[in-house]
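First up is the structure itself, then whatever we jot down about it.
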Amino acid sequence: MNEYFLLPLASLPFPNINPILIQIGPLAVHWYGVGYIVGKLFAWWYAKRLAANPKLWPDGILPMKPEDLDDFIVWAAIGVVLGGRTGYVLFYDLARYIQHPLDIFAVWQGGMSFHGGLLGVILAMTLFSIKRGIRTWSLFDVVAAGVPVGLGLVRVANFINSELWGRPTDVPWAIEFPNGGPFTRHPSQLYEALLEGLVLFLVLRILTHSRLKLKTPRFVGGAFICGYGLSRIFVEFFREPDQQLGYLLGTNWLTMGMILSTPMVLAGIWAMATAKPVTQAQPQAT
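In my numbering, the protein residues as written are 870 to 1155.
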């Protein structure tokens, strides 16, 4: 009997959670949408707290006004949606959208790219900071510090939706997803939620509050970019590649996610390596 309990589990049961949190008539609220909204609201609230704490900034002088972040949340939402959709079309399924261009606007069918969304937000931050006379990298730093929470919530929603699951495996914590075929798979969505969400948030929290790196513009933003890239590359070894792309360059391991994340790691390392403390005498919009 004792030997039975020592045997590894074939798989863990998939928690059959309804992807729809609340439905009233034709109106349905999905966990995925809740994750996006809560993540954005948290990043906005957290950024305002960071920007309002004089202990975190050079000479105790705040880098921006609270209403600046109130206004920026609209810019950020537009950047995420437009950039995320454009990135998915270009990076993940271009052939399909060339044949069916009107499907580009069918966002309710799914298809968003984090890398494209990031580029969209970076463009939005650059334009907004120039317009408001805010140091661009300081805006990037305070926004990036709270983003991992939203990333983690969305990955949990991916798990609930039984999508973006991992590669087949026989590890004891493998899960047989209802639409993943007759295989036990890595719950790679939860790996991403842990690394891109919880771990990355805690690392950035240490940098902002213990190491006071907000006094060194672009260090926190660089740490976010590098940390996300490393986390994504690591998890891609356990995640099933997109069906329409598969593995790239004739390998059985290289994925589009790895290719798109590698420049992020390099850019993040550059940002941290070249970041220098500033004084308030220097121009704000840089």
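Every residue, glycine too, gets a C-beta built ideally from N, C-alpha and C.
What does the alpha-carbon distance come out to for the pair residue i and residue j?
i	j	result
PHE997	PHE1088	20 Å
LEU896	LYS1145	50 Å
LEU988	LYS924	30 Å
SER982	GLY953	5 Å
ASN922	ARG1004	17 Å
LEU1073	GLN968	43 Å
PRO1051	LEU1114	21 Å
VAL949	TRP900	18 Å
ALA920	PHE1070	17 Å
MET1133	ARG1024	19 Å
MET1125	LYS1000	35 Å
MET1127	GLU1061	14 Å
LEU959	PHE941	26 Å
LEU1099	LEU1123	14 Å
PRO1044	LEU992	Checking the sequence shown, residue 1044 turns out to be Ile, not Pro. Using only the alpha carbons, I get a separation of about 39 Å.
ARG1080	GLY1035	36 Å
PHE1138	GLY894	In the sequence under discussion, the amino acid at residue 1138 is Ile, which differs from the Phe named in the question. Looking at the two C-alpha atoms, the distance is approximately 50 Å.
PRO970	PRO1086	41 Å
PHE883	ASP1111	21 Å
TYR966	ASP972	6 Å
LEU1076	LEU1063	19 Å
Run the CB neighbour count on residue i, radius 10 Å, all protein chains shown included, and call it buried at 16 or more, exposed below.
i	result
GLU936	exposed
PRO1047	exposed
ASP1039	exposed
GLY929	exposed
GLN1058	buried
GLY1119	exposed
PRO1056	buried
GLY1096	buried
TYR915	buried
ASP1010	buried
PRO877	Low local confidence applies: a pLDDT of 46 at PRO877 is under 50, so the model's placement there is unreliable, and no value is given.
PRO932	buried
SER1007	buried
Could you check what DSSP says for residue i in three-state terms: helix, strand or coil?
i	result
GLN1113	coil
ARG954	helix
PRO927	helix
ILE891	strand
HIS899	strand
ILE1044	strand
ARG1101	helix
GLU872	Any answer about GLU872 is weak, because its pLDDT of 39 lies below 50 and its placement is not dependable; what the coordinates show is given next. Here GLU872 sits in helix by DSSP.
PRO1037	strand
LEU1123	coil
ARG1080	coil
ARG965	helix
ARG1024	helix
ARG1108	strand
ARG918	helix
ARG1087	coil
Within a Cβ cutoff of 6 Å, which residues of the same chain sit near residue i, ignoring the five residues on either side of it in sequence?
i	result
ALA1142	none
LYS1084	PRO927 and PRO1146
ASP962	GLN1113
HIS1136	The sequence shown places Ala at residue 1136, not His. The residues are ILE1094.
LEU1020	GLU1065 and GLY1066
Would residue i pass as an interface residue toward chain B - the criterion being a Cβ-Cβ separation below 8 Å?
i	result
VAL1104	The chain inventory of the structure shown lacks chain B, comprising one protein chain alone.
How about residue i and residue j: are their beta carbons less than 8 Å apart?
i	j	result
LEU1022	VAL907	yes
PRO1041	ARG1054	no
VAL1016	ALA912	yes
VAL1018	GLY1066	yes
ALA945	VAL976	no
SER1130	ARG1108	no
ALA964	GLY1090	no
Short of 7 Å in beta carbon distance, which residues of its chain neighbour residue i, apart from the five on each side in sequence? Order them along the chain.
i	result
ASN1027	LEU1033 and GLN1058
ILE1029	ILE886, PRO888 and TRP900
VAL903	LEU890
LEU938	TRP913, ALA916, LYS917 and ALA920
Leaving out the 5 sequence neighbours to the left and right, which residues in its chain are closer than 8 Å to residue i when beta-carbon positions are compared?
i	result
VAL898	ILE889, LEU890, ILE891 and GLN892
TYR873	Only weak support is given to the placement of TYR873: the predicted model assigns it a pLDDT of 36, under 50, and the value that follows is read from those uncertain coordinates. Answer for TYR873: no residue qualifies.
TYR957	GLY980, MET981, SER982 and GLY985
LEU951	GLY989
THR995	THR1005
Quick one: is the Cβ of residue i within less than 7 Å of any heavy atom of the ligand PLP?
i	result
SER1057	Of the ligands one can find in the structure shown there are none, so the ligand PLP has no counterpart to examine.
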